[in-house]
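Numbering-wise, the numbering used here puts 175 at position 140 of the sequence shown, and it's gapless, one number per residue. Glycine included, C-beta positions come from ideal geometry on N, C-alpha and C. A short write-up of the structure that comes next.
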Amino acid sequence: MVASTAARTLDDNIADAPDVSVLSFDWKYAGYVRAETVKGNESISSTDTSTSVKMSRKTIYVFKYTAKATLKNTGAKTIKTVSWDYIFTDAKEQKELKRYKLQSKQQVLPGETQLLTRDVELDPKDNTRHITTGKQSIEITKIEYTDGSTWRQKQ
36 MVASTAARTL DDNIADAPDV SVLSFDWKYA GYVRAETVKG NESISSTDTS TSVKMSRKTI
96 YVFKYTAKAT LKNTGAKTIK TVSWDYIFTD AKEQKELKRY KLQSKQQVLP GETQLLTRDV
156 ELDPKDNTRH ITTGKQSIEI TKIEYTDGST WRQKQ
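Next comes the structure, spelled out in structure tokens:
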């Protein structure tokens, strides 16, 4: 299932979609937050045959963004988990710039509409140009139902 936006409009040509409608989606800057990193340094050889790795912890500050998607369960089964990708694409060349793989574990009853939200933290050193220049879209890649069945996007 694919939904895209050039001017925040949804794609009506969704092929082979499960019983879910994407009503809206959004990507917003949510601030600057602290994050803890763990870094493994080079292996340290010891006198015996084992090798140890030195680990260090460090606090850094990262940009926080919130990805949102409003879904309506139009099927008969209760949804347990939705896996979805938030995608940024070059509008001219249709080349994918960046894809964020997200998962929301929340129950969506048949006929119910739910807002899925996931926070994404990005290192300030990372290139984030795609956020301001890219065409935004989302893909529903997997749906798990409470009855144990699963729908997966065709590759």
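N- and C-terminal bounds of the alpha helix (DSSP H) containing T163: Taken as a continuous stretch (DSSP letters only), T163 belongs to no alpha helix (DSSP H), as it is neither H nor E.
From R164, T94, V73 and Q188, residue whose alpha carbon lies closest to that of V88: V73
Residues that L157 bridges to, as DSSP identifies them: L157 is bridged to F98.
Start-to-end residues for the beta strand (DSSP E) that takes in T124: For T124, the uninterrupted beta strand (DSSP E) run begins and ends at I114 to T124, by DSSP.
Span separating the alpha-carbon of L58 from that of T152: 14 Å
Buried or exposed by the 16-neighbour rule on C-beta atoms within 10 Å, applied to P53: Result: buried.
Classification of L106 by the beta-carbon crowding that lies within 10 angstroms, buried from 16 upward: With 16 or more other Cβ atoms within 10 Å, it is buried.
T101 versus S118 - alpha carbon distance: 16 Å
Y135 beta carbon less than 8 Å from that of D120: Yes, the Cβ-Cβ distance between D120 and Y135 is below 8 Å.
Rounded straight-line distance, which links the Cα of G183 to that of S56: 21 Å
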